[in-house]
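Residue numbers for the sequence shown follow the numbering used here, so the first one is 14 and each next one is one higher.
Glycine residues also receive a C-beta, built at the ideal position from the N, C-alpha and C atoms.
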Amino acid sequence: MIDQLHNSDLGLCALLLGFLAASCGDPFAPEVIEETDFAASLGIDLSAMTRTATGLYIEEIELGTGKTATAGDVATVTYTGQLSNAATFDAGTYSFTLGSGGVVPGFDEGVTGMRVGGTRRVVIPPDLGYGNSGSGSIPPGSILIFRFHLDALDSDLFSGHAKSSPTHILGRVTPVCSMYFPCRSA
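Listed below in structure tokens is the structure:
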């Protein structure tokens with residue numbers, strides 16, 4: 014009888030511990046876009062956005078009239094990066110080669126298909142951003158919200174060489190650096 018009572022208590026304790034663990038949640042679990050309450054100031058309306066096969070959400074704010082960005086192009090974008098609570102983690106102008114892996118996958122996918130002169134808002138799931146690692150002031154598992162303006166495309170800037178981070182301005186190449194986009198030599 015004591016063994017039977019003891020086994021019953023162990024089962025009850027295991028069940029209780031399992032319930033408690035599940036109800037506490039994982040403090041490092043990635044945010045889920047569809048379950049996130051975005052800060053009102055961001056103006057995010059997922060129902061008005063297009064969801065890609067990878068889970069990225071895109072809102073065309075202004076369609077450009079220039080060339081369309083495709084893999085291999087050097088894209089120069091002016092951007093603002095924010096978290097779901099509207100905290101800005103980075104802003105600036107950055108040039109990179111689309112499809113080269115020089116930026117997080119969601120940044121690359123978010124710019125691909127834009128036309129020069131266009132503006133787009135992109136909501137990036139954690140697995141297409143910094144994932145469970147985070148970066149600087151970006152916590153692990155964070156959703157990233159970017160507003161992009163595609164300033165220019167240049168397919169021949171470096172004649173096919175690695176083209177990952179300089180900005181081409183009036184015939185000069187100047188590096189654009191930030192905490193999230195470190196300087197690299199061309």
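Residue closest to residue i, alpha-carbon to alpha-carbon, out of the options
i    : options                   : result
A61  : S168, I71 and A52         : I71
F159 : P153, T83, V116 and N145  : V116
T110 : D50, L166 and T49         : L166
D8   : T89, I156 and E73         : With the chain represented from 14 up to 199, any question about residue 8 goes unanswered, as that position is not in the structure.
T67  : A104, R134 and P138       : P138
A84  : R133, F120, S148 and G144 : F120
D164 : E75, P152, T101 and S148  : E75
G114 : T125, A104 and T106       : T125
Under 9 Å between C-beta atoms of residue i and residue j
i   : j    : result
S97 : E44  : yes
V90 : S108 : yes
T65 : E122 : yes
Neighbourhood of residue i by C-beta, 6 Å cutoff - its chain only, sequence neighbours within 5 removed
i   : result
A99 : A52, S54 and L55
Y92 : F159 and F161
D86 : L111, L166 and S168
Q95 : T101 and I158
E73 : R133
I57 : F51
S36 : Model confidence at S36 stands at a pLDDT of 40, short of 50, so the residue's coordinates are unreliable and nothing is read from them.
Close Cβ partners of residue i (< 7 Å) along its chain, the five nearest in sequence each way excluded
i    : result
G173 : Legend: pLDDT at G173 = 43, less than 50; position of this residue unreliable, value from coordinates given subsequently. Nothing listed; no residue qualifies.
S150 : F102
S146 : P153
C26  : A caution first: C26 carries a pLDDT of 45, below 50, which makes its placement in the model unreliable, though a value can still be read off. Excluding sequence neighbours, C26 sits near nothing in its chain.
Same chain, Cβ closer than 8 Å to residue i, neighbours up to 5 away in sequence not counted
i   : result
L9  : This structure cannot settle anything about residue 9, because the visible part of the chain is limited to 14 through 199.
L59 : I46, E47, Y70 and V136
T49 : S97 and I156
- [ ] Would you check if the segment 122 to 131 and the segment 72 to 85 touch, i.e. whether three or more CB-CB distances between them fall below 8 Å?
- [x] Contact holds: three or more Cβ-Cβ distances are below 8 Å.
Open item on the list: In chain order, what are the residue ranges of uninterrupted alpha helix (DSSP H) at least 4 long that sit wholly in the segment 61 to 143?
Closed with: Every alpha helix (DSSP H) of 4 residues or more that sits fully in the segment 61 to 143 is shown, in chain order, as 118 to 124.
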